[in-house]
Amino acid sequence: MDLPDERKIDIEPGLKRMILIDLIFPTALLILGIYHGLMQVLYRAGHIHTRKVLGLEYYQGLTLHGVVNAIVFTTFFAVAFGYAVIRFYLGRVNMKVAWLSFGLMMAGTLLAAGAILSGTSSVLYTFYPPLRAHPAFYIGLTLVVVGSWIAFFNWLPVYFSWKREHRGEKVPLAVVGIFAAFIVWLIATIPVAIEIIFLLIPWSFGWVGTVNVPLARMLFWFFGHPLVYFWLLPTYVMYYTMLPKVSGGRLFSDFAGRFTFMWLILYSAPVGIHHQFTEPGISSTWKFVHAFFTMLVAVPSFATAFVMAASMELGARERGGRGLMGWWKQLPYTDTTRWLFGYFFCGLFIFIFGGVTGVINASYNLDNVIHNTSWLPAHFHQTVAGPVFLSYIGMTLFLVAKLTGKEIKLPRLNVWVPYVWTLGIMIFSTGLFIGGAGGEPRRTNMGLTYTNPQSPLYHQDWQAARILGTIGGTIMTVAALMFFIVFFVTLFSRSRRTGKLELLVSQAYHDENVRAVQSFTPWLAGAALLLFVAYTPPIVQTLRSNFPGAAPFTPDRPTPLNLSHP
Ligand code: HAS
Numbered sequence: 000m001d002l003p004d005e006r007k008i009d010i011e012p013g014l015k016r017m018i019l020i021d022l023i024f025p026t027a028l029l030i031l032g033i034y035h036g037l038m039q040v041l042y043r044a045g046h047i048h049t050r051k052v053l054g055l056e057y058y059q060g061l062t063l064h065g066v067v068n069a070i071v072f073t074t075f076f077a078v079a080f081g082y083a084v085i086r087f088y089l090g091r092v093n094m095k096v097a098w099l100s101f102g103l104m105m106a107g108t109l110l111a112a113g114a115i116l117s118g119t120s121s122v123l124y125t126f127y128p129p130l131r132a133h134p135a136f137y138i139g140l141t142l143v144v145v146g147s148w149i150a151f152f153n154w155l156p157v158y159f160s161w162k163r164e165h166r167g168e169k170v171p172l173a174v175v176g177i178f179a180a181f182i183v184w185l186i187a188t189i190p191v192a193i194e195i196i197f198l199l200i201p202w203s204f205g206w207v208g209t210v211n212v213p214l215a216r217m218l219f220w221f222f223g224h225p226l227v228y229f230w231l232l233p234t235y236v237m238y239y240t241m242l243p244k245v246s247g248g249r250l251f252s253d254f255a256g257r258f259t260f261m262w263l264i265l266y267s268a269p270v271g272i273h274h275q276f277t278e279p280g281i282s283s284t285w286k287f288v289h290a291f292f293t294m295l296v297a298v299p300s301f302a303t304a305f306v307m308a309a310s311m312e313l314g315a316r317e318r319g320g321r322g323l324m325g326w327w328k329q330l331p332y333t334d335t336t337r338w339l340f341g342y343f344f345c346g347l348f349i350f351i352f353g354g355v356t357g358v359i360n361a362s363y364n365l366d367n368v369i370h371n372t373s374w375l376p377a378h379f380h381q382t383v384a385g386p387v388f389l390s391y392i393g394m395t396l397f398l399v400a401k402l403t404g405k406e407i408k409l410p411r412l413n414v415w416v417p418y419v420w421t422l423g424i425m426i427f428s429t430g431l432f433i434g435g436a437g438g439e440p441r442r443t444n445m446g447l448t449y450t451n452p453q454s455p456l457y458h459q460d461w462q463a464a465r466i467l468g469t470i471g472g473t474i475m476t477v478a479a480l481m482f483f484i485v486f487f488v489t490l491f492s493r494s495r496r497t498g499k500l501e502l503l504v505s506q507a508y509h510d511e512n513v514r515a516v517q518s519f520t521p522w523l524a525g526a527a528l529l530l531f532v533a534y535t536p537p538i539v540q541t542l543r544s545n546f547p548g549a550a551p552f553t554p555d556r557p558t559p560l561n562l563s564h565p
């Protein structure tokens, strides 16, 4: 995909190597993560009636699925993409610091993966106590987080020196988006670091016998919701700065992009209690305050919907599109020279449903109907496995091809990947939504009970969910296989030219100059204030509640573990 007037830059071989490993390593790990996605579908739909397959347990597989896909793949991608954006727009980074961050992230991933594969850490990606993991799991995740912080700290001097040399100029929009992502990440990871270091690691080593579960869960969701915007922000960077270009047009409003990024810094974090509407110990006043803030965090996504539609319309009209709706026909849906369009467009389409169901979840009393049901995985597959996953794999393929100087192989197969994935995810999620609205639980090996006709717990009315889940999950696996074929055939093909760093850069149609969205400072101050207001009372309430501490459990035993014989 060589579009006219693209800027290509030669980058240092060390940085190129590091970005490539940061992209290729988690993409290869995805094979494991996606295999366990298919296994989830088969267990839950009742095609498998056992606790383990190929020596890997149901909850072990679910942990691998969540940790690899939602934590490792996303964090490595965000760091690699961040390096690409900073180097492309601002300048050189310190390579020693870059390798340090890379080394910590790699070591952390291997430690956590080893802990999960050993069967001692089947605690799922939310690692809620009282499920207890091996200390290596918590230490591994901590190293991944610290490594990613160091990457961000490495970009700060480059940013400040660029600002000094370009006084009065607007910081490039993509840089603002990447900085917003890592500011949100920094805000999010501090509470989870406190949870891991002060609550989980001592408990996991057995230095203390019990853990404060409500506090641990509150700290987790203090992290867990901004985490989703850390995932979404690199996707929004691609939507705002690349989708208009690849559609053949211009970004409708530069201000809208900056506003979206700043607003997400402000409201990503003071909303975590919307994951805890059913939790005891937190008053309904503070649950309502978090529900209200959640409605506000959805505002920039509603704005993004309009700005993206307007930007695509500009592109379509430049390509000859006419009429009120006729322009939709002119978009490059299956144009192999603009193949990234499909990866972005399909993500946007899926996000309409993921976003609407998010707003349903946030509506305090509606959440009571669907909390902890299969509705939730339907919602998050239409967000993180929709726009986020498609844009990340698309950009991974794009950057790997550009940096290695290779042509995309099997272009016709490649162009259909996002559409097949979208078909799969829509069928799969419809099944989970229907099941969830009827009470089907999430995170349950239903093949042992509810979807096993031999079991007295068999649930006939979850049949539709079961069938749709199997069909959709299988189609998603086919799409993933198509992607892996394109990716690895491209990777192992011969280079056609010297690899360079290239990014698509959209021009703005309205390039507004609004000072309020040009400095991070007021938004950071606002975020600190909102966090203080939204979290101080609930934390005090949780600390004052006299819940007994919890002993450790594993998913396979209904009784606590004996700490002296773990
Ligand atoms: Fe969420 C639970 C609320 C967004 C991920 N969410 C989760 C969990 C995950 C997750 C992983 O309030 C489960 C955690 C767990 O394991 O328990 N979520 C929201 C709300 C939003 C939202 C209000 N979530 C996301 C994003 C995620 C994500 C983004 C990942 C990246 N979520 C919740 C709540 C819960 C929750 C509750 C907990 C519930 C419970 O009971 O536990 C909003 O940010 C959504 C705003 C989005 C929109 C959509 C805008 C549409 C766009 C597309 C335009 C399309 C175009 C194309 C232009 C308003 C931008 C047109 C083309 C055509 C063909 C027409």
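Those letters in the sequence shown? Residues 0 to 565, per numbering that gives the first Met the number 0, in order.
Glycine residues also receive a C-beta, built at the ideal position from the N, C-alpha and C atoms.
Have a look at His46 and Ala112 and give me their C-alpha separation to the nearest angstrom. Between His46 and Ala112, the alpha-carbon positions lie close to 27 angstroms from each other.
For Val157, which residues of its own chain have a beta-carbon under 8 angstroms away from its beta-carbon, when the five flanking residues on both sides are left out? Cβ within range, chain order: Ile85, Leu89, Gly90, Arg91, Val92.
Is Ile351 near ligand 1, judged by its Cβ being under 7 angstroms from some heavy atom? Yes; taking the cut-off as 7 angstroms, the Cβ of Ile351 has a heavy atom of ligand 1 nearer than that.
So is the beta-carbon of Met307 under 7 angstroms away from any non-hydrogen atom of ligand 1? Because some heavy atom of ligand 1 lies under 7 angstroms away, the Cβ of Met307 counts as near it: yes.
Counted within 10 angstroms of its Cβ, other Cβ atoms place Ile407 as buried (16 or more) or exposed: The residue is buried, with at least 16 neighbouring Cβ atoms inside 10 Å.
Rounded to the nearest angstrom, what separates Glu164 and Val245 at their Cα positions? Rounded to whole angstroms, Glu164 to Val245 spans 30 angstroms at the Cα level.
Count the other C-beta atoms from every protein chain shown that fall within 10 angstroms of the C-beta of Tyr127, then say buried if there are 16 or more, exposed otherwise. With fewer than 16 Cβ atoms within 10 Å of its Cβ, Tyr127 is classed as exposed.
Burial state of Glu511, where buried means 16 or more other Cβ atoms lie within 10 Å: It is exposed - the Cβ of Glu511 has fewer than 16 other Cβ atoms within 10 Å.
Consult DSSP for Tyr418 and reduce its assignment to one of helix, strand or coil. Three-state result, Tyr418: helix.
My assumption, with CB atoms under 8 angstroms, is that Ala592 sits in contact with Thr395. Please give the rounded CB distance. In this structure the chain extends from 0 to 565, so residue 592 is not present and cannot be described.
Alpha carbon to alpha carbon, how far is Pro129 from Val227? When rounded, the distance between both Cα atoms is 24 angstroms.
Counting Cβ pairs, one atom from each stretch, are 3 or more of them under 8 angstroms apart for the stretch 337-357 and the stretch 250-264? No: fewer than three Cβ pairs fall under 8 angstroms.
Kindly confirm or deny that the stretch 514-527 and the stretch 437-455 touch, where touching means at least three C-beta pairs closer than 8 angstroms. No contact exists between the stretch 514-527 and the stretch 437-455.
Just checking: is the beta-carbon of Gly435 within a distance shorter than 8 angstroms of some beta-carbon in chain D? Among the protein chains of the structure shown there is no chain D, as only one such chain exists.
Within the stretch 332-385, note down every full beta strand (DSSP E) run reaching 3 residues or more, in order along the chain. Within the stretch 332-385, no run of beta strand (DSSP E) reaches 3 residues while sitting entirely inside it.
Ser252 - containing beta strand (DSSP E), residue span: For Ser252, the enclosing beta strand (DSSP E) starts and ends at 250-252.
Rounded to a whole number of angstroms, what is the C-alpha to C-alpha distance between Pro331 and Val513? Taking the straight line from one Cα to the other gives about 32 angstroms.
Verify the contact flag: Gly13, CB atom, against every heavy atom of ligand 1, threshold strictly below 7 angstroms. Ligand 1 has no heavy atom closer than 7 angstroms to the beta-carbon of Gly13.
Check whether the Cβ of Leu250 lies closer than 7 angstroms to any heavy atom of ligand 1, and answer yes or no. No, since every heavy atom of ligand 1 falls outside the 7 angstroms radius drawn around the Cβ of Leu250.
What is the DSSP secondary structure of His273, counted as helix, strand or coil? It is helical.
Would you say the beta carbon of Phe343 is closer than 7 angstroms to some non-hydrogen atom of ligand 1? No.
Indicate the three-state DSSP secondary structure (helix, strand or coil) for Pro565 in the structure shown. For Pro565, the predicted structure reports a pLDDT of 44, less than 50, and the residue's modelled location is therefore unreliable. The matter cannot be settled from this model.
With 16 other CB atoms within 10 Å as the buried threshold, where does Ala640 fall? Lying before the first or after the last residue shown, residue 640 is absent from the chain, which here runs from 0 to 565.
How many angstroms separate the CA atom of Val416 from the CA atom of Ser203? If you take the alpha carbons of Val416 and Ser203, they lie about 42 angstroms apart.
Measuring CA to CA, which of Gly472, Gln381, Gly548, Ile359 is closest to Cys345? Residue Gln381 is the option with its Cα nearest to Cys345.
Rounded to whole angstroms, how far is the Cβ of Phe181 from the Cβ of Phe222, which I believe are closer than 8 angstroms? With a Cβ gap of about 14 angstroms, Phe181 and Phe222 do not count as contacting.
What does a CB cutoff of less than 7 angstroms around His564 pick up in its chain, not counting 5 residues either side in sequence? At His564 the pLDDT is 46, less than 50, meaning the model places this residue with poor confidence and gives no usable figure here.
What runs of the beta strand (DSSP E), each 3 residues or longer, lie entirely inside the stretch 489-555? Scanning the stretch 489-555 for uninterrupted beta strand (DSSP E) segments of 3 residues or longer gives 507-509, listed from N- to C-terminal end.
Are the beta-carbon atoms of Leu37 and Thr476 separated by less than 8 angstroms? Note that the C-beta distance between Leu37 and Thr476 is below 8 angstroms.
Extent of the continuous alpha helix (DSSP H) run through Asp21: Counting along the chain, Asp21 sits inside the alpha helix (DSSP H) bounded by residues 12-43.
Can you tell me where the alpha helix (DSSP H) holding Gln59 begins and where it ends? Annotation: the continuous alpha helix (DSSP H) that includes Gln59 extends over 57-65.
Beta-carbon within less than 7 angstroms of Thr541's beta-carbon, same chain only, minus the 5 sequence neighbours each way: which residues are those? Excluding residues within five positions, the ones whose Cβ falls inside 7 angstroms are Pro213, Leu214, Met217, Gly280, Ile281.
Cβ-heavy atom distance, Gly223 to ligand 1, below 7 angstroms: Residue side-chain check: Gly223 places its Cβ nearer than 7 angstroms to a non-hydrogen atom of ligand 1.
Given that a residue counts as buried once 16 or more other Cβ atoms are within 10 Å of its Cβ, and exposed if not, what is Glu168? With a threshold of 16 other beta carbon atoms within 10 Å, Glu168 falls short and is exposed.
Determine the closest residue to Thr535 out of Phe352, Lys286, Phe229, with distance taken between C-alpha atoms. For Thr535, the closest C-alpha among the options Phe352, Lys286, Phe229 is that of Lys286.
Secondary structure, alpha helix (DSSP H): runs of 4+ residues fully inside the stretch 381-457: Counting whole runs of 4 or more residues, the stretch 381-457 contains the alpha helix (DSSP H) stretches 388-403, 410-436.
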